[in-house]
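Okay, so here's the structure we're looking at.
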Amino acid sequence: MFGYVTRRVLSAIPIALIAVTACFFILRLAPGGPFDGERALPPTTLANLRAHYNLDLPLIQQYFIYVGRLLQGDFGPSMVYNDFTVAEMLWIGLPFTLMLGFSAFVIGTIVGLVAGALSAVNQNKWPDYVLVLLVMVGLVVPNFLMAAIMQLVFGVYLDWFPAGGWQAGSIPHLVLPITVLVLPHAGRTARLMRGSMIEVLGTNYVRTARSKGLGTRLILARHAIKPALLPVVSYLGPGLSYLLTGSLVVEQVFALPGIGKYFISAALNRDYGLVLGTTILYMFIILAVNLIVDVLYAWLDPKVRYR
Amino acid sequence: MAGITGKDAVLSEYARKLETLDAPKGRSLTQDAIRRLARNKAAVLSIFVVGFIILFAFVGPYFLPWTYDKIDWSGIRKPPNFEAGHFAGTDQNGRDMLARIMQGTQMSLIVAGVATLVSVFIGVCYGAIAGYFGGKVDAVMMRFVDIMYALPYILFVIILVVIFGRNPVLLFVGIGCLEWLTMARIVRGQTMSIKEREFVEAAKAGGAKPWTIIFRHIVPNLTGPVVIYATLTVPEIILTESFLSYLGLGVQEPQTSLGTLISFGAPVAETLPWMLIGPAVVLVSLLLCLTYIGDGLRDALDPKDR
Amino acid sequence: MKQVLKVEDMSVTFELHQSEVHAVRDMSFSLSEGETLAVVGESGSGKSQAFLAIMGLLAKNGRAGGRAMMGDINLIGMAPSQLDTHRGKDIAMIFQDPMTSLNPTLKVKTQLSEVLVKHRGFDQQKAVMTSIEMLERVGIPEPVKRANAYPHELSGGMRQRVMIAMALLCQPKILIADEPTTALDVTVQAQMLDLFKTLTQDFGTSLVLITHDLGVVAGVADRMMVMYGGRAVEKGSVDDLFYDPRHPYTLGLLHSTPHIAKRAERLDPIQGLPPSLEHLPKGCSFNPRCAFAFDRCLVERPPLADTGNGREKACHYEGPMAYGKVA
Numbered sequence: 010m011f012g013y014v015t016r017r018v019l020s021a022i023p024i025a026l027i028a029v030t031a032c033f034f035i036l037r038l039a040p041g042g043p044f045d046g047e048r049a050l051p052p053t054t055l056a057n058l059r060a061h062y063n064l065d066l067p068l069i070q071q072y073f074i075y076v077g078r079l080l081q082g083d084f085g086p087s088m089v090y091n092d093f094t095v096a097e098m099l100w101i102g103l104p105f106t107l108m109l110g111f112s113a114f115v116i117g118t119i120v121g122l123v124a125g126a127l128s129a130v131n132q133n134k135w136p137d138y139v140l141v142l143l144v145m146v147g148l149v150v151p152n153f154l155m156a157a158i159m160q161l162v163f164g165v166y167l168d169w170f171p172a173g174g175w176q177a178g179s180i181p182h183l184v185l186p187i188t189v190l191v192l193p194h195a196g197r198t199a200r201l202m203r204g205s206m207i208e209v210l211g212t213n214y215v216r217t218a219r220s221k222g223l224g225t226r227l228i229l230a231r232h233a234i235k236p237a238l239l240p241v242v243s244y245l246g247p248g249l250s251y252l253l254t255g256s257l258v259v260e261q262v263f264a265l266p267g268i269g270k271y272f273i274s275a276a277l278n279r280d281y282g283l284v285l286g287t288t289i290l291y292m293f294i295i296l297a298v299n300l301i302v303d304v305l306y307a308w309l310d311p312k313v314r315y316r
Numbered sequence: 166m167a168g169i170t171g172k173d174a175v176l177s178e179y180a181r182k183l184e185t186l187d188a189p190k191g192r193s194l195t196q197d198a199i200r201r202l203a204r205n206k207a208a209v210l211s212i213f214v215v216g217f218i219i220l221f222a223f224v225g226p227y228f229l230p231w232t233y234d235k236i237d238w239s240g241i242r243k244p245p246n247f248e249a250g251h252f253a254g255t256d257q258n259g260r261d262m263l264a265r266i267m268q269g270t271q272m273s274l275i276v277a278g279v280a281t282l283v284s285v286f287i288g289v290c291y292g293a294i295a296g297y298f299g300g301k302v303d304a305v306m307m308r309f310v311d312i313m314y315a316l317p318y319i320l321f322v323i324i325l326v327v328i329f330g331r332n333p334v335l336l337f338v339g340i341g342c343l344e345w346l347t348m349a350r351i352v353r354g355q356t357m358s359i360k361e362r363e364f365v366e367a368a369k370a371g372g373a374k375p376w377t378i379i380f381r382h383i384v385p386n387l388t389g390p391v392v393i394y395a396t397l398t399v400p401e402i403i404l405t406e407s408f409l410s411y412l413g414l415g416v417q418e419p420q421t422s423l424g425t426l427i428s429f430g431a432p433v434a435e436t437l438p439w440m441l442i443g444p445a446v447v448l449v450s451l452l453l454c455l456t457y458i459g460d461g462l463r464d465a466l467d468p469k470d471r
Numbered sequence: 006m007k008q009v010l011k012v013e014d015m016s017v018t019f020e021l022h023q024s025e026v027h028a029v030r031d032m033s034f035s036l037s038e039g040e041t042l043a044v045v046g047e048s049g050s051g052k053s054q055a056f057l058a059i060m061g062l063l064a065k066n067g068r069a070g071g072r073a074m075m076g077d078i079n080l081i082g083m084a085p086s087q088l089d090t091h092r093g094k095d096i097a098m099i100f101q102d103p104m105t106s107l108n109p110t111l112k113v114k115t116q117l118s119e120v121l122v123k124h125r126g127f128d129q130q131k132a133v134m135t136s137i138e139m140l141e142r143v144g145i146p147e148p149v150k151r152a153n154a155y156p157h158e159l160s161g162g163m164r165q166r167v168m169i170a171m172a173l174l175c176q177p178k179i180l181i182a183d184e185p186t187t188a189l190d191v192t193v194q195a196q197m198l199d200l201f202k203t204l205t206q207d208f209g210t211s212l213v214l215i216t217h218d219l220g221v222v223a224g225v226a227d228r229m230m231v232m233y234g235g236r237a238v239e240k241g242s243v244d245d246l247f248y249d250p251r252h253p254y255t256l257g258l259l260h261s262t263p264h265i266a267k268r269a270e271r272l273d274p275i276q277g278l279p280p281s282l283e284h285l286p287k288g289c290s291f292n293p294r295c296a297f298a299f300d301r302c303l304v305e306r307p308p309l310a311d312t313g314n315g316r317e318k319a320c321h322y323e324g325p326m327a328y329g330k331v332a
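Chains as they are written, first to last, in our numbering: chain A, 10 to 316; chain B, 166 to 471; chain C, 6 to 332.
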């Protein structure tokens, strides 16, 4: 098990490096730059600016400078918000985005697993139909539309929760944004869980367990849940990545102080430093979560540990 | 965006199943699946609804008195008014909402079509090559796919926006370039089993070149899974498009798309509800039907559920 | 001798979309203490479904009728929670495919010991100890190591031994083995049959051996029941049926079995295909494939009738059956 974890950690390093490299070069080779503003800057100013951000050096040299700094946790300066470094800006938005994302992730995963398992156990009875319907809603209503509907219904018409904005520590402000993030994640998780649970309940080994007279509850708890979790667990990595994506929109709609806001404006302003920094940070988070998921998978499926 | 409908998870599962099935059954499996799909009422109804939406988007504009960019100075921010010919009201600029919804749906569908074709093209070529040559080539190529899977997809899309600016066509070709991963996996698995079959052996014995074998003998045999995959990719791309347009990164004025319309409708939904309801209904029913079709296909394909 | 299981008029029906399929009809038999009964038939003859029904393990769309009396209790139609007090304790089952019948995510000892914890009320430690003893008993080398292994670390034969150990943990009165050797190598098959013989004798367990392999029957069983199209067509002692088959189908089965000793002999398979349970022929189900069928067979289904000497058969034909005329 320990060897397996070590191997997974080691194999994540080249992936991270390749990704950083790819992002760096793709962005730098793209036409246009952060200083192509609406009014042209005087050539000397432009040259100074470019020198300041090392943009006048050969690309390969810039790359090594960037990676070198990155290893020390320095994401470089922002090229548009010139008073801030990228690390500072990320530091402002990141805790909030992570808090939002992970709360939604945890809630959505639990709700999805429970709903999917219930649905499977009651296959083709009314709880199953109700859940399948709810899951469908979570799946096909895009998050930006769901956000608008939630805001309108629960924020404006019913006035149960604040329709937007943020006060530190205020749970009610989080209810709507988290709900919007939870719905599709819980829906997808429930769908996968339902499918895999139904499949597991039809396997020969569950039949064996029934032939041993173990009783439904023990069969579910000991024999069915663990193998049924496998496909769901392998979805959690991508799932978190979609969730963080969704939080871009949710932060925007509900005017929340997360990373998402900067990221979109940075992309439009061609703020290389900030786009690159955000991308790399997201990537690290996602790689880390994938790593955790792999370890979880190995715990669930004894066959994996020996590969 | 990838995985909105859980497509990747579903398809990876399907790919796994296909790999374990005997190759000769591959074909009849697909035919069988189509027959079973025809018996699935929800899926058949969905196919009709999608067909209707396509007609609505492409033929509908010819029956309207207004075009999507024509400004009616006498009808700004007006609710539906049949006498003036504004069947779904007008927006803040006095443009006919129904015409805009049709144009937006059209745009969303075109974009989805183009991006899906691009993704299918790349996925099929990549997967077939990896699967056919096998060994080291395969290992390296599939490792690359694994890496891509691990990366935050939407960030790449946004980087693409940075690269291509606001040229929607290039942008969606770019999105297509990112959507091929699962396709490649499926095609690879299928190729690996097909390449062992007699007709491929025969072609090899006849001295056919690898490329000829791949594109003349193997790819045509992949039609079933590829078509199904493509069907499932469409809603993903529609969502990605509407998501980007919603963020202001996609289709630009005066052209519009469902995402753009919703992004304009959402903030004013309290006072001008018709600006949100129309595009929202079209988008949701489109996605719902495409998802039901995808579900129907999956059920039809699952050999266990016969 | 004391009867441990008495099955009367049992039927198994599956509901399909628009139709019903009768997998088993009018099945009656009894099983005596310590006896081995072989149930023989082609695939689709309903032999497995009949016993899954007795164990309460039918698929969701399946229904069982009739009675299966184990002592005073009727296993058919019993509530699952009540059935669970007998399954695994008084009546156990071993399945065809040892590769998929063990849970891949649980250690062997967990899957064994839980039976004892449930039915004998052992604590975990004692249950594991007893399980390990049982593993040794079924001929697993290094039982402690195997007990701590996961199923995928064991070979097919080893897994089937684990299944046997699991089924015998509570020393059940009845053991149902559904094609227990089909998925195994030939060399392992013989060992496995030996094991069945010794263990059932040691524990006084009655064994039902479901198989399509007459070679297996000859070595182990006392009595046999031949099934065709969901019905029993002939019953009797193994010796009687082997040396003096009275039903043309039994005769056909015997002649389609290869004998190594008589290799020069040509195999004489039964012609045609097993019938579809949805469209059974009128009259005797076997008539389209039967060499002795006459007009009565086409209209009237022969009932299973006692022919004396503890034998029963369901056939109108009473004349001699010469070898080679089956086709």
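The beta carbon of each residue, even a glycine, is placed where N, CA and C say it ideally should be.
Nearest to L180/C by alpha carbon, out of M75/C, P308/C, E119/C, H284/C?
Minimum Cα distance to L180/C is reached at M75/C.
Under 7 Å Cβ-Cβ, which residues of chain A neighbour M139/C?
In chain order: nothing, as chain A lies at least about 14 Å away.
Which bits of chain C does G204/A rub up against, with CB to CB less than 9 Å?
Neighbours of G204/A on chain C: none; closest Cβ ~16 Å, over 9 Å.
By alpha-carbon positions, which one of R265/B, I219/B, L210/B, V289/B ends up nearest to N386/B?
For N386/B, the nearest C-alpha among the options comes from V289/B.
Going by other Cβ atoms of all chains shown within 10 Å of its Cβ, with 16 needed for buried, is R192/B buried or exposed?
Bear in mind that the predicted position of R192/B carries a pLDDT of just 49, short of 50, making it too unreliable to give a figure here.
Quick check: the stretch 105 to 115 of chain A against the stretch 256 to 267 of chain A, are there 3 or more CB pairs under 8 Å?
Taking 8 Å as the limit for Cβ pairs, the verdict is that the stretch 256 to 267 of chain A does touch the stretch 105 to 115 of chain A.
Going by DSSP, what residue range makes up the beta strand (DSSP E) through G241/C?
Start and end: 236 to 242.
In its own chain, which residues sit with a C-beta less than 8 Å from the C-beta of Y394/B, not counting the 5 before and 5 after it?
Counting only Cβ-Cβ distances below 8 Å, and skipping sequence neighbours, we find L176, V285, G288, T347, M348, I351.
For M83/C, name the three-state secondary structure that DSSP assigns.
Note: M83/C maps to coil in three-state DSSP.
Helix, strand or coil for G424/B? Go by DSSP, reduced to three states.
DSSP places G424/B in helix when its eight states are reduced to three.
Thinking C-alpha only, which one of H22/C, M32/C, A195/C, L282/C is nearest K11/C?
K11/C has its Cα closest to that of M32/C, out of H22/C, M32/C, A195/C, L282/C.
Can you list the alpha helix (DSSP H) stretches of 4 or more residues lying completely in the stretch 335 to 399 of chain B, in chain order?
List check, alpha helix (DSSP H) in window: 346 to 359, 363 to 370.
Around the C-beta of V215/B, are 16 or more other C-beta atoms found within 10 angstroms, so that it is buried, or is it exposed?
Buried is the call here.
Counting only the same chain and skipping the five closest in sequence on each side, list residues whose C-beta sits under 6 Å from that of P189/B.
In this prediction, P189/B has a pLDDT of 40, which is less than 50 and means its spatial position is unreliable; nothing more can be read from the coordinates.
Give me the chain C residues within the contact set of D310/A, using Cβ-Cβ distance strictly less than 8 Å, ordered along the chain.
The contacting residues are P109, T110.
Give the straight-line distance between the Cα atoms of N332/B and V279/B, rounded to the nearest whole angstrom.
Cα to Cα, N332/B sits roughly 14 Å from V279/B.
Interface residues of chain C around Y214/A at Cβ under 8 Å?
Going along chain C in sequence order, the residues near Y214/A (Cβ under 8 Å) are T105, S106, L107, N108, P109.
So which residues on chain A does Y233/B lean against when the C-beta distance must stay under 7 Å?
Simply none; closest approach about 21 Å.
Leaving out five residues before and five after V165/A in sequence, what residues of the same chain have Cβ atoms less than 7 Å from its Cβ?
So the qualifying residues of the chain are A172.
Ignoring anything shorter than 4 residues or poking outside the stretch 210 to 287 of chain A, list the alpha helix (DSSP H) runs there in chain order.
As far as the stretch 210 to 287 of chain A is concerned, its whole alpha helix (DSSP H) runs of at least 4 residues are 213 to 220, 234 to 262, 268 to 278.
What does a CB cutoff of less than 6 Å around Y291/B pick up in its chain, not counting 5 residues either side in sequence?
Cβ within range, chain order: A349.
Tell me, please, whether the stretch 94 to 101 of chain A touches the stretch 56 to 64 of chain A by the rule of three or more beta-carbon pairs shorter than 8 Å.
Contact between the stretch 94 to 101 of chain A and the stretch 56 to 64 of chain A is absent, because fewer than three Cβ pairs lie under 8 Å.
Closest Cβ-Cβ distance between S220/A and chain C: below 8 Å?
Closer than 8 Å to some Cβ of chain C, the Cβ of S220/A qualifies, so yes.
Please list the residues of the stretch 405 to 421 of chain B that have a C-beta atom closer than 9 Å to any C-beta atom in chain A, keeping them in chain order.
The residues in question are S407, F408, Y411, L412, G413, L414.
Run through chain A and tell me which residues come within less than 7 Å of T436/B, C-beta to C-beta.
The premise fails here: T436/B is roughly 11 Å from chain A at the closest Cβ pair, so nothing lies under 7 Å.
Is it buried or exposed for H260/C, if we count other Cβ within 10 angstroms and need 16 for buried?
Per the 10 Å Cβ criterion, buried.
Thinking G93/C and V120/C are a contact (beta carbons under 8 Å), I'd like their distance in whole angstroms, please.
Indeed, because the Cβ distance is near 5 Å, the residues count as touching under 8 Å.
Give me the Cβ distance between A188/C and L214/C, rounded to the nearest whole Å; I'm assuming they're in contact under 8 Å.
With a Cβ gap of about 15 Å, A188/C and L214/C do not count as contacting.
To the nearest angstrom, how far is it from the Cα of I275/B to the Cα of F223/B?
Cα to Cα, I275/B sits roughly 10 Å from F223/B.
Flag this pair as touching only if the stretch 285 to 301 of chain A and the stretch 126 to 142 of chain A have three or more C-beta atom pairs under 8 Å; answer yes or no.
Judged by Cβ distances under 8 Å, the stretch 285 to 301 of chain A makes no contact with the stretch 126 to 142 of chain A, as fewer than three pairs qualify.
Whole-angstrom Cβ separation of L25/C and F19/C, contact assumed at under 8 Å?
According to the sequence as given, residue 25/C is Glu; it is not Leu. At roughly 7 Å, the Cβ-Cβ gap stays under 8 Å, so E25/C and F19/C are in contact.
In the structure shown, what three-state DSSP assignment does A310/C receive?
In this structure, A310/C counts as strand in the three-state DSSP scheme.
Distance check for S87/A and T396/B, CA to CA, integer angstroms please.
Cα to Cα, T396/B sits roughly 42 Å from S87/A.
Between S160/C and chain A, is the shortest Cβ-Cβ distance under 8 Å, so that the two count as touching?
Chain A, which has no Cβ nearer than 8 Å to the Cβ of S160/C, makes this no.
Any idea what DSSP makes of E97/A, helix, strand or coil?
It is helical.
Whose C-alpha, out of L79/A, A233/A, V149/A, V284/A, is nearest the C-alpha of A195/A?
For the residues L79/A, A233/A, V149/A, V284/A, the minimum Cα distance to A195/A belongs to V149/A.
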